[in-house]
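Here's the structure, in structure tokens; my notes come after.
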Amino acid sequence: MCGIVAYIGTKPAEALLLEGLKRLEYRGYDSAGVAVIGADGVLNVVRAAGRISVLEEKLDERGHLPGSVGIAHTRWATHGSPTENNAHPHVDASGRIALVHNGIIENYTALRKYLADKGVECVSETDTEVLAKLIGQLHATGHFDLEGAVQAALREVTGAYAIAVISADEPDVMVVARKGSPMIIGLTDHSFIAASDASAIVAHTTQVVTLDDYQVARLSVGKDGCDIRTSTIDNVTVSRDVEELEISLEQIELGEYAHYMLKEIMEQPRALTNALRGRIDKREGRVVLGGISEYARDLVRARRFILTGQGTAWHAGLLGEYLFEDLAKVPAETEYASEFRYRNPIIEDGTVLVAISQSGETADTLAALREAKDRGARVLGVVNAVGSTISRETDAGVYLHVGPEIGVASTKAFLGQVTVLTLLALFIGRRRYLGADDVSRYLEQLEAIPDQIESVLKQSDYIRDEVAKVVDRNNWLFLGRGYHYPVALEGALKLKEISYIHAEGMPAAEMKHGPIALIDEGMPVVFLAPHGSQYDKAISNIEEVRARGGRIIAIASENDTRIEQYADTIFRVPDVAEPLQPLLSVIPLQLLAYHAAVQRGHDVDKPRNLAKSVTVE
Ligand code: G6P
């Protein structure tokens with residue numbers, strides 16, 4: 006949600022910032038801007054509504070910004086519409102200090118009033134501008150340098166922020182800070198490149214410092230080299246560790262693919278192999294999860310699991326609920342993190358909360374885990390982004406290891422989340438009710454899934470052609486039973502997110518209780534019906550839809566001939582044990598959504614109104 010990139014060094018800043026912004030564009034793309042301090046000591050700011058390409062055109066027209074200190078931002082609007090005037094960077098009253106911000110300043114109305122009383126007016130509708138003006142006002146008192154003014158301003162702020170600030174009065178300094186929104190500082194021999202996301206840094210360095218909440222870094226580059234000072238907002242110096250980034254440039258490049266989403270769908274066999282690597286001991290019938298081994302006893306004795314997340318991660322959680330009950334025989338429930346955190350939830354002894362998140366930064370999921378922790382729950386993370394806030398605040402966890410996900414519509418992360426939850430269920434189940442042979446059988450089948458996904462992916466062109474027949478329809482249903490109910494939800498969400506087609510997912514039996522009224526001639530109804538315990542019931546539901554003119558798109562087992570008399574279109578998946586079927590049945594739905602969006606002419610990687618990582622409530 007919004008992207009920040011900031012540079013201080015010896016190279017021309019503008020090109021570097023624009024390149025970084027493009028890598029961050031998946032986080033927000035309704036407006037963008039850049040500020041650079043020129044050699045003449047003048048602060049230049051250029052902003053534009055729309056994509057980063059619009060900002061580039063503007064820079065081409067009005068002339069580029071010379072200088073080697075600058076900050077840049079790509080925005081996903083929260084306060085105020087996505088206009089040029091609301092775009093970041095925002096400047097202080099003197100026009101000599103500029104700031105970019107991710108997050109939300111919750112007390113901005115009170116701060117705006119405080120500033121107005123001091124004669125400082127804000128000209129945009131944003132919460133961010135208030136912070137820029139406040140830093141400027143404190144700086145103007147003469148009591149603070151830039152670092153001190155930032156610290157003092159942040160002491161007055163409630164809310165969440167990651168910020169980068171520069172001042173024409175201190176042209177060899179940049180100040181960055183964070184609370185609740187990520188901020189990473191890349192270190193090279195001659196420069197610092199700070200960003201909200203590692204993808205804007207990795208092309209330059211893999212050596213990074215990650216700020217913690219309420220920390221500020223003063224970055225300076227002078228004749229004597231680079232210097233970094235990290236402190237709290239109360240100006241207490243803190244030490245910092247330099248870490249190695251775990252992502253590579255290749256992982257975040259598009260390569261031969263038209264879109265990141267397609268790339269990430271297609272690389273799922275490899276992603277799954279990576280998620281399983283080192284975690285399977287078939288001979289002993291055991292799952293090896295180093296990140297939770299210390300807590301194994303607590304997990305085995307747990308009386309209740311609460312799985313929480315938002316969006317796709319919540320769908321993975323719902324699958325986790327089925328997996329935990331089925332394989333580990335332990336009560337489990339799934340909660341939207343946004344509801345859980347405010348519901349006065351009951352946490353009894355033996356409750357374990359599992360926070361599921363690709364980014365590890367989703368505000369509601371983070372708040373839910375803090376709430377559960379405060380109430381005495383053990384908290385586990387199922388997270389993709391290594392070192393992210395959720396991964397750091399949980400007691401223990403299991404990383405997905407599927408590599409960075411750039412496409413806004415989540416695909417390989419969902420696969421990774423379901424894989425890890427399956428492993429967790431087997432890990433606990435083996436210590437409770439499952440025998441070594443049972444676990445070995447599941448593990449053997451799990452290991453075969455990457456190749457089986459490969460075979461499903463080969464249907465991509467066929468799926469594209471079949472989608473073309475129904476892509477003009479504006480209402481779809483996705484139905485499944487048991488393990489396929491959460492997959493139906495995920496399939497409907499994918500279609501909604503990127504093709505803007507209205508789609509609903511639900512348990513197949515629930516359709517009769519209302520939604521069946523929607524079915525008319527030719528309405529696409531996607532049925533998840535691989536062979537399994539509820540296959541016959543799914544066929545009955547298919548007949549109910551057919552009788553009302555619905556067009557059946559079935560996800561069915563490879564060797565299922567019976568389905569042919571009921572379905573208009575069939576996408577095939579290999580036969581595996583029921584708990585593992587979602588890992589395969591979700592793949593055709595991802596491709597279906599992708600092809601529908603492309604055929605409707607939408608920008609698959611930048612769907613309207615969405616953001617990859619939602620760091621505000
Ligand atoms: C946003 C994204 C979804 C994602 C959800 C949770 O809504 O667009 O794709 O599933 O946030 O994100 P997380 O990073 O916590 O998995």
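Residue numbers (this note's numbering): 6 to 622. Quick reminder that beta carbons are idealized off the backbone N, C-alpha and C, glycines included.
Cutoff 8 Å; reference residue i; Cβ partners in own chain excluding five residues on either side
i    : result
E175 : D150 and L151
T370 : T313, G314, Q315, A318, A342, A360, I361, S362 and I395
R117 : C127 and V135
D610 : Y31, H264, Y265, M266, I411, G412 and V413
P17  : P71, G72 and S73
Heavy atom of the ligand G6P within 8 Å of residue i beta-carbon
i    : result
T424 : no
L594 : no
E366 : yes
E502 : yes
S415 : yes
T317 : yes
S618 : yes
T339 : no
L116 : no
A165 : no
I168 : no
S204 : no
A508 : no
L304 : no
S201 : no
S362 : yes
A53  : no
G33  : no
A418 : yes
L267 : no
G75  : no
T370 : yes
G314 : yes
L615 : yes
Under 9 Å between C-beta atoms of residue i and residue j
i    : j    : result
S396 : Q363 : no
G185 : L332 : no
T317 : F432 : no
G141 : S73  : no
I575 : I560 : yes
T131 : H95  : yes
L97  : H144 : Correcting the residue type first, residue 97 is Asp in the shown sequence and not Leu. Result yes, Cβ atoms of D97 and H144 sit closer than 9 Å.
L374 : V387 : no
T88  : I109 : no
A280 : V425 : yes
L482 : M528 : yes
E526 : L615 : no
I102 : L48  : yes
A572 : F532 : yes
A167 : S201 : yes
R309 : V335 : yes
T237 : S244 : no
I233 : G25  : no
V407 : V492 : no
V178 : L104 : no
S504 : R605 : yes
H209 : L500 : no
7 Å Cβ shell around residue i - same chain, five flanking residues per side excluded
i    : result
V550 : I524, V530 and I557
L267 : Y599
T215 : I189, E248 and G392
6 Å CB neighbourhood of residue i in its chain, flanking five on each side removed
i    : result
N112 : T163
H195 : G14 and T15
R380 : I352
A430 : L328, F329, L332 and A333
F345 : T313 and A373
Y300 : A401
G325 : L312 and L426
Cβ distance (whole Å) where residue i is taken to contact residue j below 8 Å
i    : j    : result
K417 : Q273 : 5 Å
G38  : L60  : 7 Å
A92  : A154 : Their Cβ separation, rounded to whole angstroms, is 23 Å, which puts A92 and A154 out of contact at 8 Å.
D1   : S562 : Outside the shown range of the chain (6 to 622) lies residue 1, about which nothing can therefore be said.
L585 : I458 : Rounded, the Cβ-Cβ distance is 11 Å, inconsistent with contact.
L139 : A158 : 5 Å
V444 : G290 : 4 Å
- Do three or more CB pairs link the region 278-298 to the region 390-405 at distances below 8 Å? yes
- May I ask you to verify whether the region 73-92 touches the region 21-39, counting CB pairs closer than 8 Å and requiring at least 3? yes
- Item | Stretch-stretch touch, CB-based, cutoff 8 Å, three pairs: the region 462-480 with the region 585-602 | Counting Cβ pairs under 8 Å, three or more are found: they touch.
- Can you find at least 3 beta carbon pairs, one from the region 282-289 and one from the region 248-258, that sit closer than 8 Å? no
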